[in-house]
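Protein chains in written order, with the numbering used here: chain A, 1 to 450; chain B, 1001 to 1305; chain C, 2001 to 2316.
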Amino acid sequence: MPPHPIAASNRVRRSKRTGAAALACSALSLALLGACQGGGSQTGGSTSSGQPVSITFWGWARGSQQVVDAFNASHKDVHVTFEQIPSGNAGGYAKISNAVKAGNEPDVFNIEYPMLPDFVSQGAVQDLTSRISGLMAKFTAQSVALTTLAGKNWALPLDADPQVFFYRKDIFTEYRIPVPATWDAFRSAAQQLKTADPAARIATFFSDDPSTLEAMAWQAGGTWFGTSGDSWKIDLRDAATEKVSAYWQSLIADDLVRVQPYSSQAWTASLQKSQTVGYLGAAWGAGALKSALPAESGQWAVAPIPSWDGQPASGMLGGSVFVVGKDSKNLAADVEFAQWATTTTQGMQSRIASGISSLFPADPALIPVAKSTFNTGFYGGQDIFSVFSAASGTIRPDWTWGPSMGVTNTAMTDALGRLAGGGSVDQVLQAGQDATVADLQARGIQVAAP
Amino acid sequence: MTITQPYPAPTRTRRASPAAAGRRRARKPWTLSRAVVNGVLVLATAYTLLPVLWLVTASAKNTGDLTGGRGFSLSRLHLGANLHALAAQDGGIYFRWYLNSLLYAGLGALVCAFICVCAGYAFETYAFRGKEKLFGLVLIGVLIPTTALALPLYLLASKVGLVDTFWAVFIPTLANPFGVYLSRVFTAGYVPGEVLEAARVDGAGELRIFWSVGLRMVLPGFVTVLLFQFTAIWNNFFLPLVMLSNTRLFPVSLGLYSWNSQTHTEPSLYPLVVTGSLLAIIPLIIAFVALQRFWRAGLTAGSVK
Amino acid sequence: MKRRTAGERERRTAARRRGNAAAVLLTPCFLVFVAAMVAPIGYALYLSLWTERSSGLGFGGAHQVFDGIGNYSRALGDSAFRHGFLITAGYCALYIPVMLCLALGLALLLDSALARARRFFQLALFLPHAVPGLIAALVWTYLYTPGISPVVSALNSGGIHIDFLSSSVILPSVVNIAVWEWTGYNMVVFYAALQAVPREVIEAATVDGASGVRTALSVKVPMIRPALVLTGLFTVIGSLQLFTEPMTLRISSNAIVSTWTPNMYAYSAAFNRGDYGLAAAASVVLAVVAAVLSFAVTRLFARRSTQARRARELAV
Chain A
1 MPPHPIAASN
11 RVRRSKRTGA
21 AALACSALSL
31 ALLGACQGGG
41 SQTGGSTSSG
51 QPVSITFWGW
61 ARGSQQVVDA
71 FNASHKDVHV
81 TFEQIPSGNA
91 GGYAKISNAV
101 KAGNEPDVFN
111 IEYPMLPDFV
121 SQGAVQDLTS
131 RISGLMAKFT
141 AQSVALTTLA
151 GKNWALPLDA
161 DPQVFFYRKD
171 IFTEYRIPVP
181 ATWDAFRSAA
191 QQLKTADPAA
201 RIATFFSDDP
211 STLEAMAWQA
221 GGTWFGTSGD
231 SWKIDLRDAA
241 TEKVSAYWQS
251 LIADDLVRVQ
261 PYSSQAWTAS
271 LQKSQTVGYL
281 GAAWGAGALK
291 SALPAESGQW
301 AVAPIPSWDG
311 QPASGMLGGS
321 VFVVGKDSKN
331 LAADVEFAQW
341 ATTTTQGMQS
351 RIASGISSLF
361 PADPALIPVA
371 KSTFNTGFYG
381 GQDIFSVFSA
391 ASGTIRPDWT
401 WGPSMGVTNT
411 AMTDALGRLA
421 GGGSVDQVLQ
431 AGQDATVADL
441 QARGIQVAAP
Chain B
1001 MTITQPYPAP
1011 TRTRRASPAA
1021 AGRRRARKPW
1031 TLSRAVVNGV
1041 LVLATAYTLL
1051 PVLWLVTASA
1061 KNTGDLTGGR
1071 GFSLSRLHLG
1081 ANLHALAAQD
1091 GGIYFRWYLN
1101 SLLYAGLGAL
1111 VCAFICVCAG
1121 YAFETYAFRG
1131 KEKLFGLVLI
1141 GVLIPTTALA
1151 LPLYLLASKV
1161 GLVDTFWAVF
1171 IPTLANPFGV
1181 YLSRVFTAGY
1191 VPGEVLEAAR
1201 VDGAGELRIF
1211 WSVGLRMVLP
1221 GFVTVLLFQF
1231 TAIWNNFFLP
1241 LVMLSNTRLF
1251 PVSLGLYSWN
1261 SQTHTEPSLY
1271 PLVVTGSLLA
1281 IIPLIIAFVA
1291 LQRFWRAGLT
1301 AGSVK
Chain C
2001 MKRRTAGERE
2011 RRTAARRRGN
2021 AAAVLLTPCF
2031 LVFVAAMVAP
2041 IGYALYLSLW
2051 TERSSGLGFG
2061 GAHQVFDGIG
2071 NYSRALGDSA
2081 FRHGFLITAG
2091 YCALYIPVML
2101 CLALGLALLL
2111 DSALARARRF
2121 FQLALFLPHA
2131 VPGLIAALVW
2141 TYLYTPGISP
2151 VVSALNSGGI
2161 HIDFLSSSVI
2171 LPSVVNIAVW
2181 EWTGYNMVVF
2191 YAALQAVPRE
2201 VIEAATVDGA
2211 SGVRTALSVK
2221 VPMIRPALVL
2231 TGLFTVIGSL
2241 QLFTEPMTLR
2251 ISSNAIVSTW
2261 TPNMYAYSAA
2271 FNRGDYGLAA
2281 AASVVLAVVA
2291 AVLSFAVTRL
2301 FARRSTQARR
2311 ARELAV
């Protein structure tokens, strides 16, 4: 059709008609919405018509698909649609915050503990206190503390993984290297290994992921974030952290550890070639190592993380929580699903049975489930969950995450990228400090002088 | 680097006479030897072709062979398995992305080219007040990089509630100031004023003349703008990246990007990214080879004037 | 008298009809122009003047406050943002000369009487342009990644150890992707322009005893200056938009920080920090810099080519 005047007026009329249709539509959806809300307020979560409530769930934790499948198979009242998204820092958080702004946030999604304050202060997640406060007694003290902000419960914790040390038992045995219990012993072990095999290194300092550094600051007794009254205290360079920073700086300077991005092709290749024989990870890493290095089955083992004074101590590394999007209309169904995934035997079993997940449950009652389900052949049959359990008891209690960890972590990640070009661990911490303070001040949030 | 660089025709060019080629051969010998000239061209060709060839061989490898850096061997062909995995992953979403890309690029380029030709024709054919000022506005538009617009577009779209919809990616691709400029040049070159005058004398209405005479004559220009815009949209990455979070609306590029972001934790996605990349460029390569005469004509477009 | 009036009326009717037709034909164009360019820039300008403020510990939600040029001073005061412009400048300094010289050199070689299989070479060199930027970046990322890349293992077995993804080599690695994508395309543009150079001019030069190389540089190149100018302009605009390649490489190389180019800074401000005011301000700064720079390039080259044309006309 040529753009003819008559055609044009036709088009106008047509668009009016579609306009009317749209109005009718939105009226309809308003009605539906009301219906959904009605359904949501019922305890069971199903709508009055008997149709299952459909909710969406985004996550990247290993085994999520299996959990959703098992949930859907065993529940008639709620149907979960799962979407696998890239891990948080690889674009997952950007995708979620995009969806938040667009108003089509998923009903339920996973985030890591550090990001919870960000999402809460953005108003992107719902306060779940009234529905889950009774459940919180199930979880470890740290995971409860980290999901309780301003006195409210915002999330159901999935895992609470202490940092541990994975190492190649065969190689440590071959070179008669004792498994280090202290950081001093770790340094000697690194030295001994390098002497025995100049191409081999004991572990990797991840140059793209500040979470390992954070876990070690936590373990050393650092407190980066705290509040006094109505203002934040930000101190990424407290005495404990300075000790950690100096230690790793010296290992890097003496070429005793590798500096590579986490999960990079280079890292995997060096593990495959036995040029990196240890990994400072957490429980969830057990499954990741297992699937990345099938050829090294039976050669790995897990030990507690070395400590500063010989007294076992640990920080938490990673770990995710379930949160509910601010616009979700199916709160009952959302919580039902999240609760099932985090606190029930079937929920945990279906995840661990996927064979790729090895997380350490935030609900200690489920540890036996994880333990009996995860095949530890890769670790020579070692009772790794007992190691995790023991380490879990040594997590220092007084750590909180800052209100702007997206900014803090981005700044630290960028600074870590400059390590290879002559940057230092101190600079990484300072970059995190400066960016955080600047961001809080720009947002009008009080920052107390450290 | 997502803009295309359509080359607006050199305005004053002359064709070599047919005999020129013959006369050229009679010239003095060049100082560069034939071997050097062709050797350099072969090297350059190797540089441009090898990555594509790697893609072809890599898409026949499984995860272990790919990440283990093993060489290519016919005995370990996994192309079929890769294609199968590609079709199975996330319920065959790859092919949905493919269709989305065709829709965004095909429909977007078609509508955009039509809008451009309408405007270019109007600018060239009619005289009205403020015409050159309006056209100057269009030229300023040419100077603003498309990716610098992606984020403002996102901010606006999230204000009006269009984020994460088909329209959020589709509407911005309809504007192409450079296409308007090209269309004006093409109209000047292809549509003689006398023909339009003759049609007017016959009593045809202006829009009828545009539709049945102008548009028909400027068709090669229309197709040029369409092709440039098609590649530009197919190439576009920033805009869908900011606009879309629903994977079912993704174009191929964004889908492959999101898979690639997950390869660290899911190495089994490596072969899918590689095979998916190969499938995504095959139609474009075929189109470029099939339409090569046209592309060359497009790049020399103005010489007809 | 009567007849003239009738004629006038007829002319006026015709003029009005044409005016209407022009309006109908131009309206869609200006609608999309406003929707896709004017409105977003206007809204970004507006948004860049506002910022979000929270109170207390920040868990009580935020509200918008007018902040004047606050976002601009934050963006320009941020060394990461300025560093992004520096990196872009370094990228331009490396990419533009390399790519243009390669494209021009190849076009001249192809245009020389010695080249064979011109059609094949043109097509083969043009081929990378058919590969979308994101896929080109993916393929090259894999070709840079040790363990996957046959190039890296070939170099390694030859005793050469280069980490293409390390911070010292990452800029050339990004430039290489862009060179691969655009050299062939611009080569075809230059070649087309060279084909249109009048053969008499070249023959005159040859008769005068100029060598092939000399003819190419002193006769052919000046004749295709307009093509060079436009290509240069589009290359500058394109370079400022650098986004797809580093975003893709970033997944495999931590040498590319989240704020590596100004575009990435704006993206990171919006999506990692949720700071729309800052993102808007950064986009506005980038758009202004791009527009000013490309305007300057056009003016600069336009003047030069006018001079060149005048000189040529005088010579004739």
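Glycine residues also receive a C-beta, built at the ideal position from the N, C-alpha and C atoms.
Do residue i and the ligand GDP come close, with the Cβ less than 8 Å from some heavy atom?
i                       : result
residue 2125 of chain C : The model on display carries no ligand, and the ligand GDP is accordingly not part of it.
Could you check the C-alpha separation between residue i and residue j for me, to the nearest Å?
i                       : j                       : result
residue 2152 of chain C : residue 2145 of chain C : 7 Å
residue 146 of chain A  : residue 79 of chain A   : 29 Å
residue 2254 of chain C : residue 2166 of chain C : 8 Å
residue 158 of chain A  : residue 403 of chain A  : 21 Å
residue 1268 of chain B : residue 1115 of chain B : 44 Å
residue 140 of chain A  : residue 1234 of chain B : 50 Å
residue 75 of chain A   : residue 144 of chain A  : 27 Å
residue 1094 of chain B : residue 1284 of chain B : 17 Å
residue 86 of chain A   : residue 2079 of chain C : 29 Å
residue 2186 of chain C : residue 206 of chain A  : 41 Å
residue 297 of chain A  : residue 308 of chain A  : 31 Å
residue 1221 of chain B : residue 2016 of chain C : 28 Å
residue 1246 of chain B : residue 105 of chain A  : 10 Å
residue 346 of chain A  : residue 71 of chain A   : 9 Å
residue 2168 of chain C : residue 276 of chain A  : 24 Å
residue 397 of chain A  : residue 385 of chain A  : 21 Å
residue 1260 of chain B : residue 2135 of chain C : 11 Å
Check for me: the alpha helix (DSSP H) holding residue i runs from which residue to which?
i                       : result
residue 1221 of chain B : 1219–1235
residue 2229 of chain C : 2225–2240
residue 262 of chain A  : From DSSP, residue 262 of chain A is part of no alpha helix (DSSP H); its letter is neither H nor E.
residue 385 of chain A  : 384–392
residue 465 of chain A  : Past the edges of chain A, shown from 1 to 450, lies residue 465 of chain A, and the structure says nothing about it.
residue 1274 of chain B : 1270–1290
Pull up the DSSP beta-bridge partners for residue i, would you.
i                       : result
residue 159 of chain A  : A:361
residue 84 of chain A   : A:59
residue 2064 of chain C : C:2052
residue 280 of chain A  : A:165
residue 455 of chain A  : Coverage of chain A is limited to positions 1 through 450, which leaves residue 455 of chain A absent and any answer about it impossible.
Quick check on residue i - is its C-beta less than 9 Å from some C-beta in chain B?
i                       : result
residue 2140 of chain C : yes
residue 2022 of chain C : yes
residue 2280 of chain C : yes
residue 2263 of chain C : yes
residue 86 of chain A   : yes
residue 451 of chain A  : Nothing in the structure corresponds to residue 451 of chain A, since chain A is present only between 1 and 450.
Looking at chain C, is there any beta carbon in it that lies within less than 9 Å of the beta carbon of residue i?
i                       : result
residue 325 of chain A  : no
residue 1067 of chain B : yes
Between which two residues does the beta strand (DSSP E) containing residue i stretch?
i                       : result
residue 226 of chain A  : 225–228
residue 300 of chain A  : 300–304
residue 2180 of chain C : First-last for residue 2180 of chain C: 2170–2195, but that is the alpha helix (DSSP H), not the beta strand (DSSP E).
residue 206 of chain A  : 204–206
Between residue i and chain A, is the shortest Cβ-Cβ distance under 9 Å, so that the two count as touching?
i                       : result
residue 1246 of chain B : yes
residue 2012 of chain C : no
Margin query: To be precise: take each residue of the segment 165–199 of chain A, compare its Cβ to all Cβ atoms of chain C, and keep it if any distance is under 7 Å. Which residues remain?
Written below: From the segment 165–199 of chain A, no residue has a Cβ closer than 7 Å to chain C.
Notebook entry, point to check: Which residues, taken in chain order from the segment 52–66 of chain A, show a beta carbon closer than 8 Å to some beta carbon of chain C?
Noted result: Listed by position along the chain: nothing, the set is empty.
Check: Using a beta-carbon distance cut-off of less than 9 Å, what residues from the segment 2091–2116 of chain C approach chain B?
Finding: Taking a C-beta cut-off of 9 Å against chain B, the contacting residues of the segment 2091–2116 of chain C are 2102, 2105, 2106, 2109, 2110, 2112, 2113, 2114, 2115, 2116, listed in chain order.
Checklist line | Chain-ordered residues of the segment 2021–2052 of chain C with a beta carbon less than 9 Å from chain A | finding: From the segment 2021–2052 of chain C, only 2024, 2025, 2027, 2028, 2051, 2052 have a Cβ closer than 9 Å to chain A.
Check: Of the residues that make up the segment 1184–1209 of chain B, which ones have a beta carbon closer than 9 Å to any beta carbon in chain C?
Finding: Cβ contacts with chain C come from 1200, 1205, 1206, 1207, 1209.
Check: Along the segment 1078–1103 of chain B, what residues have a CB closer than 8 Å to any CB found in chain A?
Finding: Listed in sequence order: 1090.
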